[in-house]
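Numbering (my numbering), first residue to last: 527 to 812.
For every residue, glycine included, the Cβ atom is placed at its ideal position computed from N, Cα and C.
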Amino acid sequence: MTNSNALYIVATPIGNLGDITLRAIETLKTADIIAAEDTRHSAKLLQYYGIDTPLTPYHDHSNDTQTQRLLDKLQEGRSIALISDAGTPLISDPGFRLVVLAREQKIRVVPIPGACAVVTALSAAGLPSDRFSFEGFLPAKNAGRRARLELVVTDPRTLIFYESPHRIQDSLADMAAIFGQDRQAVLAREITKTYETFLSGDFAQLQQVLSEDANQLRGEMVVMVHGYSEPLADPERLEPDVETMLRVLLDELPLKQAAAIAAKLSGEKKNKLYKWAVDNKGATEK
Ligand code: SAM
C-alpha cells in the first residue's frame, strides 16, 4: 500500500501492543512524518513494530507555528500520520486543531480506526450500549465537577467518563451524591493490560471496594454509569385533580359514597378511590 498525500489519524493500542491494525502499521511505515503527542513514549511502539518513520512532536497547545509547519508539509504533498500516547487521537487527546485547519485548507483527512478506551470499556461492561454519552474527563475542581454531573443527572443514556486514579474517589463520591447511591455503574480499569478489572455495582458498593483495596485505585480507568430511569409509577397514586375532588367529597359525604361519586366523575376505579380514602382517612378528616 502506498500512502497518498493526506493527514492520517491513526489509532494505536490502549495497553496491549497487539491491539493495532495492519492498516495502522502500514500507514505509520509509509507516512513521511509521524506527529506524536509524546515522541519518547511513541518511540517504544514504533520500535516494537520496526517503524523508522521520522517523529515530530504535536500537542494541542502546540503553537501556531508548529501546527502551520505540519500544514505546510501537507500542502507540499507530504503525508503525515498523527498518533497520541494511546488509543484514538482527538478522543480526550490532541489533534482537533490540526484536523480543523487541515479540512479548512482542503487537505484530505483519513481516519485509521482502532482501539479507543470508551468503546472498548463499554463493549464489555454489561450496561446498555444502544445509546451512550461520552463525557470525557470531568473538571478537576469540586464545584465544576458537580455542576457537570448535574447537567446529565436525568440523561437516559449510559454515561461514560475518563478518570484518573487520584481523582476517582472524589468523583465517585460526587456521582453517588448527585445520581443517587443506588445508581448502577461499572469501573473498567487497566483494560487490555495485565490487571484488567471490571467492577460493577451501585455507587455505594464501588466506593466500598475502592476504600478497602488500594490496588483498585491504580492505573487507567473508565467510569460508566447507567442512564437515568423514570421511577416506577405508584399504582395507588391519584392524579392531583382527582385527589382534590375526593378530598372535597369526603368533607361532605360518607367515605363509600364519596368514593363512588369520585369514581363516576373521574373514571378512576371505585376500589382504588375507596382504598385511598381509607389510607388517607386521618389526613382527610376535619
Ligand atoms: N485517546 C484515548 C482513547 O482513545 O481512549 C484516551 C486518551 S485519555 C488522555 C486517557 C484516559 O483514557 C485515561 O485516563 C483513562 O480514563 C482512559 N484509558 C486509556 N487507556 C485505558 C485503559 N487501558 N484502561 C482504562 N482506561 C483507559
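Check, Outcome
"Evaluate contact between the region 725-733 and the region 657-674, counting only Cβ atoms and requiring at least three cross-stretch pairs below 8 Å.", "no"
"Give the straight-line distance between the Cα atoms of Cys642 and Asp545, rounded to the nearest whole angstrom.", "10 Å"
"For Ser649, count neighbouring Cβ atoms within 10 angstroms of its own Cβ and tell me buried if that reaches 16, exposed if not.", "exposed"
"What do you reckon, is the C-beta of Met771 under 7 Å from a heavy atom of the ligand SAM?", "no"
"Opposite Pro637 in the DSSP bridges: which residues?", "Ile535"
"Is it true that the CB of Leu781 sits closer than 8 Å to the CB of Ala803?", "yes"
"So, at 8 Å on beta carbons, what are the nonlocal neighbours of Val768 in its own chain, with the 5 sequence-adjacent residues on each side left out?", "Ala788, Ser792, Glu794 and Leu799"
"What number of angstroms, rounded off, separates the C-alpha of Tyr688 from the C-alpha of Thr579?", "31 Å"
"Give a single yes or no on whether Thr565 has its beta carbon closer than 7 Å to a heavy atom of the ligand SAM.", "no"
"Tell me the start and end of each unbroken alpha helix (DSSP H) in the region 692-760 that is at least 4 residues and wholly inside, in chain order.", "694-705 and 729-738"
"Which stretch, first to last residue, makes up the alpha helix (DSSP H) that contains Glu552?", "Leu548 to Thr556"
"Would you check if the distance between the CB atom of Ala577 and the CB atom of Lys555 is smaller than 8 Å?", "As written in the sequence, residue 577 is Ile, which differs from the Ala given in the question. Their beta carbons are under 8 Å apart, which means Ile577 touches Lys555 by this criterion."
"Flag this pair as yes or no: are the beta carbons of Ala612 and Ile717 separated by less than 8 Å?", "no"
"For the alpha helix (DSSP H) that Pro654 lies in, which residues bound it at each end?", "No alpha helix (DSSP H) contains Pro654, which DSSP labels as neither H nor E."
"Answer with buried or exposed for Val735, where buried requires no fewer than 16 other C-beta atoms within 10 angstroms of its C-beta.", "exposed"
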